[in-house]
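In what follows, a single structure is set out as structure tokens and then discussed.
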Amino acid sequence: MKRLYRHPAFYFLLALCAAALFAPLIALDTAPHANTMNLEEAFLSPGVSTERGMHLLGTDKFGRDHFSRVILGSRISLGVGVVAVFVSLLIGIPVGAVAGYFGGKIDALLSWLMSVLWSIPTLLLVIALTFVLGKGIVQVFIAVGLTMWVEVARIVRGQFFSEKNKEYVEASRVLGFSTTHIIFREILPNTLGPLAVICATNFASALLIESGLSFLGIGAQPPLPSWGSMIRDYYPYLITGQGHLALIPGLLISLTVLSLNALSSALKSS
Numbered sequence: 074m075k076r077l078y079r080h081p082a083f084y085f086l087l088a089l090c091a092a093a094l095f096a097p098l099i100a101l102d103t104a105p106h107a108n109t110m111n112l113e114e115a116f117l118s119p120g121v122s123t124e125r126g127m128h129l130l131g132t133d134k135f136g137r138d139h140f141s142r143v144i145l146g147s148r149i150s151l152g153v154g155v156v157a158v159f160v161s162l163l164i165g166i167p168v169g170a171v172a173g174y175f176g177g178k179i180d181a182l183l184s185w186l187m188s189v190l191w192s193i194p195t196l197l198l199v200i201a202l203t204f205v206l207g208k209g210i211v212q213v214f215i216a217v218g219l220t221m222w223v224e225v226a227r228i229v230r231g232q233f234f235s236e237k238n239k240e241y242v243e244a245s246r247v248l249g250f251s252t253t254h255i256i257f258r259e260i261l262p263n264t265l266g267p268l269a270v271i272c273a274t275n276f277a278s279a280l281l282i283e284s285g286l287s288f289l290g291i292g293a294q295p296p297l298p299s300w301g302s303m304i305r306d307y308y309p310y311l312i313t314g315q316g317h318l319a320l321i322p323g324l325l326i327s328l329t330v331l332s333l334n335a336l337s338s339a340l341k342s343s
């Protein structure tokens, strides 16, 4: 934690989470999804003031406040990351722990399952799941989470293989502790370091996948704002003097992923 507190990326992510959490308080547009339209105020430049107040990032083609939609869009990206990490831990930890602790045929079966899922491109699998579950942000949450657990399971499996024959585990067996106690109370706490690293990496991957799906029109559906859908809607304006409408969410995606990867590297070296 001391290493994280000294890292600039930690404070950027903390500020981004705070902005997402308190978005209704800082957004100029208080309507649901910041979807108040006024075509007379379309494509206002950043910093222009109207009756509604100052548009810090200008307005889009429908006259909607761009700053408000960017802030609300951060909730989608961060929310997908949190849900994906939670689901991946919920599935990956038990599967990896069972495979690594018991070994043998159980490990062979679970390892085969992980290898099959590992061989399928993540984005292709997510697109297939969204077609089965339907379009929408909830479906994206589920689909992304279900594709992230393999990495967690592989990490946990490897850690359990290296830990299960150590002295403290043998002592726990001699003292008569149950298998569940040994797995979750003795061995699992010693895997938290590698788990923290893979969680940061999975968070960044989930954010990129959600942005890609929204860019393709499969993720968050209008009028719900998301960074990926903003890039899709406004990239044609890059050469018309309104390029900031697409560049700002793109820059935020890049900075968030870069910060998460930087924190992952910091955790690896600690």
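Mapping the sequence shown onto the working numbering, position 136 (from 1) lands on 209, and the numbers just tick up by one. Just so it is clear, CB atoms sit at the ideal spot from N, CA and C, and this is done for glycine as well.
query	result
Pick from Gly152, Thr329, Gly266 and Lys237 that is closest to His254, judged by C-alpha positions	Lys237
Uninterrupted alpha helix (DSSP H) stretches inside the segment 241-329 (no shorter than 4 residues)	265-289 and 300-307
Test item: CB-CB of Asn275 and Met187 under 7 Å	no
Cβ neighbours of Pro97 in the same chain (closer than 7 Å, five flanking residues each side left out)	Thr103
Beta-carbon proximity list for Val153, same chain, < 7 Å, skipping 5 on both sides	Val213, Phe214, Val217, Ala279, Leu280 and Glu283
Cβ pair Asp138, Leu101 closer than 7 Å	yes
Classification of Met303 by the beta-carbon crowding that lies within 10 angstroms, buried from 16 upward	buried
Bridge partners - Ser122, DSSP secondary structure assignment	Met127
Three-state class that DSSP yields for Thr103 in the structure shown	coil
Thr220 - partner residues in DSSP beta bridges	Note: Thr220 sits in no beta bridge, so no partner.
Between the CA atoms of Cys90 and Leu25 - distance to the nearest angstrom	One cannot answer for residue 25 here, as it falls past the ends of the chain, which runs 74 to 343.
Test item: CB-CB of His106 and Pro309 under 7 Å	no
Nonlocal neighbours in the same chain, by C-beta distance under 8 Å from Phe288, ignoring five residues either side	Gly301, Ser302, Ile304 and Arg305
Three-way DSSP call (helix, strand, coil) for Asp133 in this model	coil
Cβ neighbour criterion (16 or more within 10 Å) applied to Tyr241	exposed
Whole-number beta carbon distance between Val229 and Gly169, since they are thought to touch under 8 Å	3 Å
Residue(s) in a DSSP beta bridge with Asp138	Thr132
CB contact check: Thr252 to chain E, cutoff 7 Å	The structure shown contains no chain E; it holds only a single protein chain.
Cβ-based burial, Ala277 [other Cβ within 10 Å; buried from 16]	buried
First and last residue of the uninterrupted alpha helix (DSSP H) at Pro194	It is not in any alpha helix (DSSP H) - Pro194 carries neither H nor E in the DSSP assignment.
Arg142 vs Pro262 beta-carbon contact at 7 Å	no
For Gln76, three-class secondary structure by DSSP	Looking at the sequence itself, residue 76 is Arg, so the reference to Gln does not match. Correct three-state label for Arg76: helix.
Helix, strand or coil at Thr203 according to DSSP, with G and I counted as helix	helix
Where Tyr78 falls, given that 16 or more other Cβ within 10 Å makes a residue buried	exposed
Check whether Thr264 and Gln315 have beta carbons under 7 Å apart	no
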